[in-house]
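Numbering (this note's numbering) for the sequence shown: 7 to 398. Working notes, beginning with the structure itself.
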Amino acid sequence: MKRLIYVLCAGLLFVGTTESCKKTEVGTIDKNDHQAPGPVSNAQVENLNGAAKITYSLPKDRDLLYIRAEYTNKQGLVRETKASRYLDNLTLEGFGDTDVYEARLYAVDKSENESVPLVVKVQPKTPPFELVHDQLAAKAAFGGLDVSYQNQTESDLAIVILTNDKLGNFVPIRTLNTKSKTGSFGARDLQAVETRFGLVVRDRWGNLSDTTYVTLTPLYEVRLDRTKMVDANINKTDAKNYPGNEVKYLFDGDVSNNTAYHTIDPVSMPQWFTFDMGQKAKLSRLAWFMRPGWFYALHNPRKVEIWGSNNPADDGSFTNWVLLATHEQIKPSGLPPGQNSNADNEAALLGETVTIPIDAPAVRYIRFKTLRNWSDGVYVNFTELALWGNPQ
(Lines of atoms letter the chains of each structure in order from A and count residues from 1; the text may use other names and numbers.)
(Lines give C-alpha, C1' and ligand atoms only; values in the text may rest on other atoms or scores of the structure.)
Protein backbone atom coordinates (compact mmCIF):
# COMPACT_ATOMS: atom_id res chain seq x y z
CA MET A 1 0.00 0.00 0.00
CA LYS A 2 2.78 2.38 0.90
CA ARG A 3 4.49 1.48 -2.37
CA LEU A 4 1.31 2.29 -4.33
CA ILE A 5 1.02 5.68 -2.63
CA TYR A 6 4.68 6.40 -3.37
CA VAL A 7 4.22 5.54 -7.05
CA LEU A 8 1.15 7.78 -7.31
CA CYS A 9 2.95 10.68 -5.65
CA ALA A 10 5.94 10.25 -7.89
CA GLY A 11 3.65 10.23 -10.91
CA LEU A 12 1.95 13.44 -9.80
CA LEU A 13 5.31 15.05 -9.19
CA PHE A 14 6.40 14.09 -12.69
CA VAL A 15 3.25 15.54 -14.25
CA GLY A 16 3.61 18.77 -12.27
CA THR A 17 7.25 19.07 -13.29
CA THR A 18 6.36 18.48 -16.93
CA GLU A 19 3.66 21.16 -16.87
CA SER A 20 6.06 23.57 -15.19
CA CYS A 21 8.62 22.98 -17.92
CA LYS A 22 6.01 23.66 -20.57
CA LYS A 23 5.13 27.02 -19.00
CA THR A 24 8.78 28.05 -18.91
CA GLU A 25 9.20 27.11 -22.55
CA VAL A 26 6.34 29.33 -23.77
CA GLY A 27 7.13 32.29 -21.47
CA THR A 28 7.81 35.67 -23.10
CA ILE A 29 11.04 36.42 -21.24
CA ASP A 30 13.91 34.11 -20.47
CA LYS A 31 16.26 35.95 -18.10
CA ASN A 32 19.10 33.62 -19.07
CA ASP A 33 18.79 34.46 -22.75
CA HIS A 34 21.31 37.14 -23.68
CA GLN A 35 21.67 36.14 -27.32
CA ALA A 36 20.58 38.91 -29.69
CA PRO A 37 18.61 37.88 -32.78
CA GLY A 38 19.98 38.27 -36.25
CA PRO A 39 19.56 41.63 -37.99
CA VAL A 40 16.89 42.72 -40.42
CA SER A 41 18.11 42.66 -44.02
CA ASN A 42 17.25 43.52 -47.63
CA ALA A 43 15.39 46.72 -46.79
CA GLN A 44 13.46 48.50 -49.53
CA VAL A 45 11.99 51.99 -49.03
CA GLU A 46 8.80 53.48 -50.43
CA ASN A 47 8.68 57.18 -49.60
CA LEU A 48 5.20 58.50 -48.82
CA ASN A 49 3.72 61.87 -47.84
CA GLY A 50 5.19 62.54 -44.41
CA ALA A 51 6.06 58.87 -44.04
CA ALA A 52 8.21 56.02 -45.30
CA LYS A 53 7.18 52.40 -45.78
CA ILE A 54 10.07 49.98 -45.30
CA THR A 55 9.87 46.37 -46.51
CA TYR A 56 12.52 43.91 -45.30
CA SER A 57 13.58 40.31 -44.75
CA LEU A 58 13.18 38.90 -41.25
CA PRO A 59 15.92 37.03 -39.38
CA LYS A 60 15.39 33.27 -38.87
CA ASP A 61 15.42 33.36 -35.04
CA ARG A 62 12.58 31.24 -33.63
CA ASP A 63 12.11 33.54 -30.64
CA LEU A 64 11.77 36.71 -32.76
CA LEU A 65 9.00 38.90 -31.28
CA TYR A 66 8.82 42.11 -33.33
CA ILE A 67 10.68 44.62 -35.48
CA ARG A 68 11.23 48.14 -34.17
CA ALA A 69 12.11 51.10 -36.38
CA GLU A 70 13.06 54.59 -35.26
CA TYR A 71 14.36 57.92 -36.48
CA THR A 72 15.30 61.21 -34.84
CA ASN A 73 13.45 64.32 -35.96
CA LYS A 74 14.84 67.86 -36.24
CA GLN A 75 13.86 68.62 -32.64
CA GLY A 76 15.88 65.69 -31.33
CA LEU A 77 12.85 63.54 -30.53
CA VAL A 78 13.01 59.86 -31.39
CA ARG A 79 9.91 58.55 -33.15
CA GLU A 80 9.42 54.81 -33.42
CA THR A 81 7.01 52.18 -34.65
CA LYS A 82 6.81 48.43 -34.19
CA ALA A 83 5.65 45.59 -36.43
CA SER A 84 4.77 41.99 -35.60
CA ARG A 85 7.13 39.16 -36.51
CA TYR A 86 4.41 38.05 -38.93
CA LEU A 87 4.82 41.17 -41.07
CA ASP A 88 7.63 42.04 -43.46
CA ASN A 89 7.04 45.80 -43.50
CA LEU A 90 6.29 48.82 -41.35
CA THR A 91 5.66 52.52 -41.84
CA LEU A 92 7.47 55.34 -40.07
CA GLU A 93 5.29 58.45 -39.77
CA GLY A 94 5.40 62.00 -38.46
CA PHE A 95 8.08 63.49 -40.73
CA GLY A 96 7.75 67.27 -40.89
CA ASP A 97 9.71 67.90 -44.11
CA THR A 98 11.24 66.22 -47.16
CA ASP A 99 14.83 65.97 -45.92
CA VAL A 100 16.84 62.73 -45.83
CA TYR A 101 16.66 60.82 -42.53
CA GLU A 102 18.40 57.72 -41.21
CA ALA A 103 15.97 55.06 -40.04
CA ARG A 104 17.28 52.31 -37.74
CA LEU A 105 15.61 48.89 -37.77
CA TYR A 106 16.06 46.41 -34.91
CA ALA A 107 14.93 42.82 -34.55
CA VAL A 108 13.75 42.17 -30.98
CA ASP A 109 13.27 38.72 -29.41
CA LYS A 110 11.02 37.51 -26.58
CA SER A 111 13.67 38.38 -24.01
CA GLU A 112 13.89 41.96 -25.36
CA ASN A 113 17.33 41.36 -26.83
CA GLU A 114 17.91 43.69 -29.79
CA SER A 115 19.86 42.98 -32.93
CA VAL A 116 22.43 45.32 -34.35
CA PRO A 117 20.53 48.02 -36.30
CA LEU A 118 20.05 48.04 -40.03
CA VAL A 119 20.39 51.68 -41.09
CA VAL A 120 18.45 52.83 -44.16
CA LYS A 121 17.99 56.28 -45.63
CA VAL A 122 14.48 57.60 -46.23
CA GLN A 123 13.30 60.82 -47.83
CA PRO A 124 9.58 61.32 -47.26
CA LYS A 125 7.44 63.26 -49.69
CA THR A 126 5.71 66.53 -48.78
CA PRO A 127 3.86 65.95 -45.49
CA PRO A 128 0.05 66.11 -45.55
CA PHE A 129 -0.16 69.19 -43.31
CA GLU A 130 1.88 71.14 -45.87
CA LEU A 131 -0.24 69.87 -48.78
CA VAL A 132 -3.42 70.98 -47.03
CA HIS A 133 -1.93 74.33 -46.00
CA ASP A 134 -0.89 75.13 -49.57
CA GLN A 135 -4.47 74.67 -50.82
CA LEU A 136 -6.38 76.58 -48.14
CA ALA A 137 -8.73 79.23 -49.48
CA ALA A 138 -10.35 81.92 -47.33
CA LYS A 139 -13.15 84.35 -48.17
CA ALA A 140 -15.25 86.86 -46.29
CA ALA A 141 -18.55 85.56 -44.96
CA PHE A 142 -21.40 86.87 -42.86
CA GLY A 143 -20.00 87.55 -39.40
CA GLY A 144 -16.54 86.21 -40.20
CA LEU A 145 -14.77 84.14 -42.83
CA ASP A 146 -15.03 80.73 -44.48
CA VAL A 147 -12.01 78.49 -45.10
CA SER A 148 -12.16 75.63 -47.61
CA TYR A 149 -9.60 72.82 -47.70
CA GLN A 150 -8.49 69.75 -49.64
CA ASN A 151 -7.08 66.78 -47.69
CA GLN A 152 -6.46 64.19 -50.37
CA THR A 153 -4.53 61.84 -48.06
CA GLU A 154 -7.37 61.99 -45.49
CA SER A 155 -4.84 62.60 -42.74
CA ASP A 156 -5.78 63.48 -39.17
CA LEU A 157 -5.14 67.24 -39.10
CA ALA A 158 -6.10 70.43 -37.28
CA ILE A 159 -6.77 73.62 -39.26
CA VAL A 160 -6.51 76.76 -37.14
CA ILE A 161 -7.84 80.29 -37.71
CA LEU A 162 -6.10 83.06 -35.74
CA THR A 163 -6.70 86.77 -35.28
CA ASN A 164 -6.02 89.52 -32.75
CA ASP A 165 -7.96 89.47 -29.49
CA LYS A 166 -8.98 92.58 -27.52
CA LEU A 167 -5.47 92.80 -26.04
CA GLY A 168 -3.81 92.64 -29.44
CA ASN A 169 -2.57 89.06 -29.05
CA PHE A 170 -2.68 86.95 -32.20
CA VAL A 171 -4.60 83.90 -30.94
CA PRO A 172 -6.61 80.93 -32.28
CA ILE A 173 -10.33 81.63 -32.57
CA ARG A 174 -11.44 78.42 -34.29
CA THR A 175 -9.85 75.01 -34.79
CA LEU A 176 -11.21 72.26 -37.02
CA ASN A 177 -10.00 68.70 -36.37
CA THR A 178 -10.71 66.62 -39.43
CA LYS A 179 -9.82 63.60 -41.54
CA SER A 180 -12.28 64.51 -44.29
CA LYS A 181 -11.03 64.60 -47.85
CA THR A 182 -12.56 68.00 -48.50
CA GLY A 183 -14.69 70.50 -46.66
CA SER A 184 -15.01 74.00 -45.27
CA PHE A 185 -15.46 75.71 -41.92
CA GLY A 186 -15.31 79.20 -40.56
CA ALA A 187 -15.18 81.63 -37.69
CA ARG A 188 -18.23 83.70 -36.83
CA ASP A 189 -19.57 86.44 -34.52
CA LEU A 190 -16.91 88.91 -35.70
CA GLN A 191 -17.30 92.60 -36.37
CA ALA A 192 -17.79 93.88 -39.93
CA VAL A 193 -14.41 95.66 -39.98
CA GLU A 194 -11.22 94.95 -41.88
CA THR A 195 -9.46 92.15 -40.01
CA ARG A 196 -6.16 90.30 -40.38
CA PHE A 197 -6.43 86.52 -40.06
CA GLY A 198 -3.86 83.72 -39.93
CA LEU A 199 -4.28 80.15 -41.19
CA VAL A 200 -2.16 77.29 -39.82
CA VAL A 201 -2.30 73.49 -40.22
CA ARG A 202 -1.03 71.09 -37.53
CA ASP A 203 -0.70 67.29 -37.60
CA ARG A 204 -1.00 64.83 -34.70
CA TRP A 205 2.77 64.77 -34.16
CA GLY A 206 2.88 68.52 -33.52
CA ASN A 207 4.32 69.50 -36.89
CA LEU A 208 3.15 72.98 -37.82
CA SER A 209 2.89 74.74 -41.17
CA ASP A 210 3.89 78.32 -41.81
CA THR A 211 1.16 80.91 -41.23
CA THR A 212 -0.76 82.26 -44.19
CA TYR A 213 -2.09 85.78 -43.57
CA VAL A 214 -5.24 87.14 -45.17
CA THR A 215 -7.03 90.45 -44.62
CA LEU A 216 -10.80 90.37 -45.00
CA THR A 217 -13.85 92.34 -43.92
CA PRO A 218 -16.62 90.12 -42.49
CA LEU A 219 -20.12 90.86 -43.77
CA TYR A 220 -22.58 92.28 -41.28
CA GLU A 221 -24.85 89.79 -39.49
CA VAL A 222 -26.65 89.37 -36.18
CA ARG A 223 -28.33 86.43 -34.53
CA LEU A 224 -32.02 86.74 -35.27
CA ASP A 225 -34.42 87.09 -32.35
CA ARG A 226 -35.65 83.58 -31.53
CA THR A 227 -38.55 84.94 -29.47
CA LYS A 228 -40.17 86.16 -32.69
CA MET A 229 -40.07 82.71 -34.31
CA VAL A 230 -43.27 80.63 -34.30
CA ASP A 231 -44.80 77.62 -36.00
CA ALA A 232 -46.37 78.76 -39.28
CA ASN A 233 -49.20 76.24 -38.77
CA ILE A 234 -49.15 74.93 -42.34
CA ASN A 235 -50.45 71.56 -41.23
CA LYS A 236 -51.63 70.21 -44.57
CA THR A 237 -48.18 68.90 -45.47
CA ASP A 238 -45.97 69.54 -42.43
CA ALA A 239 -44.97 66.51 -40.34
CA LYS A 240 -46.99 65.88 -37.19
CA ASN A 241 -45.40 65.92 -33.73
CA TYR A 242 -45.66 64.13 -30.43
CA PRO A 243 -47.50 66.27 -27.85
CA GLY A 244 -44.87 68.35 -26.06
CA ASN A 245 -42.45 68.07 -29.00
CA GLU A 246 -43.77 70.83 -31.26
CA VAL A 247 -41.86 73.25 -33.50
CA LYS A 248 -41.97 75.98 -30.84
CA TYR A 249 -39.46 74.06 -28.69
CA LEU A 250 -36.80 74.63 -31.34
CA PHE A 251 -36.78 78.32 -30.36
CA ASP A 252 -36.81 78.14 -26.54
CA GLY A 253 -33.04 78.49 -26.13
CA ASP A 254 -32.67 75.03 -24.54
CA VAL A 255 -30.20 72.69 -26.30
CA SER A 256 -30.53 69.94 -23.67
CA ASN A 257 -32.86 66.95 -23.80
CA ASN A 258 -35.43 68.78 -21.65
CA THR A 259 -37.29 70.09 -24.69
CA ALA A 260 -37.06 68.96 -28.30
CA TYR A 261 -38.81 68.65 -31.65
CA HIS A 262 -39.93 65.10 -32.51
CA THR A 263 -42.17 63.84 -35.32
CA ILE A 264 -44.82 61.17 -34.82
CA ASP A 265 -46.21 58.25 -36.85
CA PRO A 266 -47.19 57.96 -39.59
CA VAL A 267 -44.34 59.76 -41.30
CA SER A 268 -41.96 59.14 -44.17
CA MET A 269 -38.94 60.76 -45.80
CA PRO A 270 -38.64 63.45 -46.91
CA GLN A 271 -40.57 65.43 -44.29
CA TRP A 272 -40.59 69.06 -43.23
CA PHE A 273 -41.87 71.71 -40.90
CA THR A 274 -42.47 75.41 -41.53
CA PHE A 275 -41.97 78.43 -39.30
CA ASP A 276 -42.30 82.19 -39.35
CA MET A 277 -39.15 84.11 -38.31
CA GLY A 278 -41.33 87.07 -37.34
CA GLN A 279 -39.30 89.36 -39.60
CA LYS A 280 -37.91 89.43 -43.09
CA ALA A 281 -34.15 88.85 -43.21
CA LYS A 282 -31.34 88.06 -45.59
CA LEU A 283 -30.11 84.86 -43.96
CA SER A 284 -26.42 84.11 -43.64
CA ARG A 285 -26.53 80.79 -41.78
CA LEU A 286 -28.64 78.41 -39.79
CA ALA A 287 -27.56 75.93 -37.12
CA TRP A 288 -29.36 72.95 -35.64
CA PHE A 289 -28.39 71.24 -32.39
CA MET A 290 -28.54 67.47 -31.97
CA ARG A 291 -29.84 65.69 -28.89
CA PRO A 292 -27.10 65.23 -26.27
CA GLY A 293 -26.30 61.54 -25.91
CA TRP A 294 -27.37 60.86 -29.50
CA PHE A 295 -24.86 62.85 -31.52
CA TYR A 296 -24.72 61.68 -35.16
CA ALA A 297 -27.23 58.92 -34.45
CA LEU A 298 -30.89 57.94 -34.51
CA HIS A 299 -33.37 60.61 -35.63
CA ASN A 300 -31.09 63.63 -35.84
CA PRO A 301 -31.18 65.19 -39.33
CA ARG A 302 -28.33 64.23 -41.61
CA LYS A 303 -29.18 65.60 -45.05
CA VAL A 304 -31.51 68.60 -45.32
CA GLU A 305 -32.85 71.31 -47.60
CA ILE A 306 -33.59 74.84 -46.38
CA TRP A 307 -36.37 76.65 -48.24
CA GLY A 308 -37.52 80.27 -47.94
CA SER A 309 -40.63 82.22 -48.86
CA ASN A 310 -42.37 85.54 -48.33
CA ASN A 311 -45.79 84.29 -49.41
CA PRO A 312 -46.20 80.56 -48.67
CA ALA A 313 -49.04 78.77 -50.43
CA ASP A 314 -52.08 78.03 -48.25
CA ASP A 315 -52.20 74.40 -49.41
CA GLY A 316 -48.80 73.60 -47.88
CA SER A 317 -47.20 72.96 -51.28
CA PHE A 318 -43.80 74.30 -52.39
CA THR A 319 -45.40 76.94 -54.59
CA ASN A 320 -43.81 80.35 -53.93
CA TRP A 321 -40.83 78.71 -52.17
CA VAL A 322 -37.16 79.02 -53.17
CA LEU A 323 -34.42 76.53 -52.25
CA LEU A 324 -31.84 78.41 -50.17
CA ALA A 325 -29.39 75.58 -49.39
CA THR A 326 -28.83 71.83 -49.44
CA HIS A 327 -26.61 70.44 -46.71
CA GLU A 328 -25.35 67.06 -45.48
CA GLN A 329 -23.84 66.67 -42.02
CA ILE A 330 -20.39 65.04 -42.04
CA LYS A 331 -18.73 63.70 -38.89
CA PRO A 332 -15.22 65.16 -38.49
CA SER A 333 -13.81 61.74 -37.52
CA GLY A 334 -15.58 59.72 -40.18
CA LEU A 335 -16.40 57.08 -37.54
CA PRO A 336 -19.64 55.06 -37.88
CA PRO A 337 -22.75 56.02 -35.90
CA GLY A 338 -22.37 55.28 -32.19
CA GLN A 339 -18.62 55.94 -32.19
CA ASN A 340 -17.76 59.58 -31.56
CA SER A 341 -14.33 61.16 -31.14
CA ASN A 342 -13.61 64.29 -29.09
CA ALA A 343 -13.64 66.26 -32.34
CA ASP A 344 -17.13 64.91 -33.12
CA ASN A 345 -18.48 65.92 -29.73
CA GLU A 346 -16.90 69.37 -29.90
CA ALA A 347 -18.41 69.99 -33.34
CA ALA A 348 -21.83 68.78 -32.17
CA LEU A 349 -21.89 71.17 -29.23
CA LEU A 350 -21.25 74.08 -31.60
CA GLY A 351 -24.27 73.11 -33.70
CA GLU A 352 -24.41 71.94 -37.31
CA THR A 353 -24.12 75.03 -39.49
CA VAL A 354 -25.77 75.44 -42.87
CA THR A 355 -24.29 78.35 -44.83
CA ILE A 356 -26.79 80.31 -46.92
CA PRO A 357 -25.35 81.68 -50.20
CA ILE A 358 -24.80 85.43 -50.30
CA ASP A 359 -27.05 85.80 -53.35
CA ALA A 360 -30.04 84.15 -51.65
CA PRO A 361 -33.11 86.42 -51.35
CA ALA A 362 -34.39 87.91 -48.11
CA VAL A 363 -37.29 85.85 -46.73
CA ARG A 364 -39.62 85.66 -43.75
CA TYR A 365 -40.77 82.03 -43.74
CA ILE A 366 -38.46 79.00 -43.51
CA ARG A 367 -39.16 75.38 -44.38
CA PHE A 368 -36.73 72.84 -42.87
CA LYS A 369 -36.91 69.71 -45.03
CA THR A 370 -35.16 66.53 -43.87
CA LEU A 371 -34.17 64.15 -46.65
CA ARG A 372 -32.36 61.64 -44.44
CA ASN A 373 -31.62 61.12 -40.76
CA TRP A 374 -28.75 59.22 -39.09
CA SER A 375 -30.63 55.94 -38.67
CA ASP A 376 -32.23 55.76 -42.13
CA GLY A 377 -35.54 55.78 -40.28
CA VAL A 378 -38.63 57.94 -40.58
CA TYR A 379 -38.53 60.16 -37.47
CA VAL A 380 -36.89 63.57 -37.11
CA ASN A 381 -35.80 64.73 -33.68
CA PHE A 382 -33.45 67.50 -32.49
CA THR A 383 -33.39 70.18 -29.83
CA GLU A 384 -32.80 73.69 -31.14
CA LEU A 385 -32.51 75.96 -34.18
CA ALA A 386 -30.60 79.24 -34.45
CA LEU A 387 -30.50 81.65 -37.39
CA TRP A 388 -28.26 84.57 -38.34
CA GLY A 389 -28.47 87.23 -40.98
CA ASN A 390 -29.23 90.83 -41.79
CA PRO A 391 -32.77 91.86 -40.79
CA GLN A 392 -34.58 93.88 -43.43
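Idealized CB from N, CA, C, for every residue including glycine.
Unbroken alpha helix (DSSP H) runs of no fewer than 4 residues, entirely contained in the segment 113 to 141, are found at 134 to 140, following chain order. In the structure shown, T361 adopts extended strand secondary structure according to DSSP, grouped into three states.
As DSSP reads the structure, W327 sits in no beta bridge.
In the DSSP assignment, D237 is bridged to F281. Shown here for T221: same chain residues with a beta carbon closer than 8 Å to its own, the five before and five after excluded, namely E200, T201, R202, F203 in chain order. When secondary structure is reduced to three states using DSSP, R194 falls in the coil class, being assigned neither helix nor strand. Counting along the chain, D350 sits inside the alpha helix (DSSP H) bounded by residues 348 to 356. Annotated as proximal: K88 and Y72, with beta-carbon spacing under 8 Å.
When the alpha-carbon of M283 is set against those of T269, Y267, G314, K309, the nearest one is in G314. In this structure, DSSP gives L173 a state outside helix and strand, which the three-state scheme calls coil. Selection E227, A144, S161 evaluated against A57 yields S161 as nearest (Cα-Cα).
For the 8 Å CB-CB criterion, P318 and A238 form a contact.
When the Cα atoms are used, P272 and Y155 turn out to be separated by approximately 41 Å.
Burial is judged here by how many other beta carbons sit within 10 angstroms of a residue's own beta carbon; Q335 has at least 16 and is buried. Around the CB of Q277, 16 or more other CB atoms lie within 10 Å, so the residue is classed as buried.
With respect to the 8 Å criterion, L205 and T217 are classified as neighbours on the basis of their beta carbons.
As computed with DSSP, H333 is found in a beta bridge with V310.
With the rule of 3 Cβ pairs closer than 8 Å, the segment 365 to 380 counts as touching the segment 297 to 305. Beta-carbon to beta-carbon, Q41 and N119 are separated by about 6 Å, close enough to satisfy the 8 Å threshold. Taking C-beta separations shorter than 8 Å and ignoring five residues to either side along the sequence, the partners of H268 in its chain run N247, Y248, N251, H305, Y385, V386, N387, following chain order. For the pair I179 and A193, the CB atoms are nearer than the 8 Å cut-off. R68 is not bridged by DSSP to any residue. In this structure, the beta-carbon distance from Q129 to T104 falls below 8 Å. Runs of the beta strand (DSSP E) lying entirely within the segment 245 to 307 and spanning at least 3 residues, in chain order: 277 to 295.
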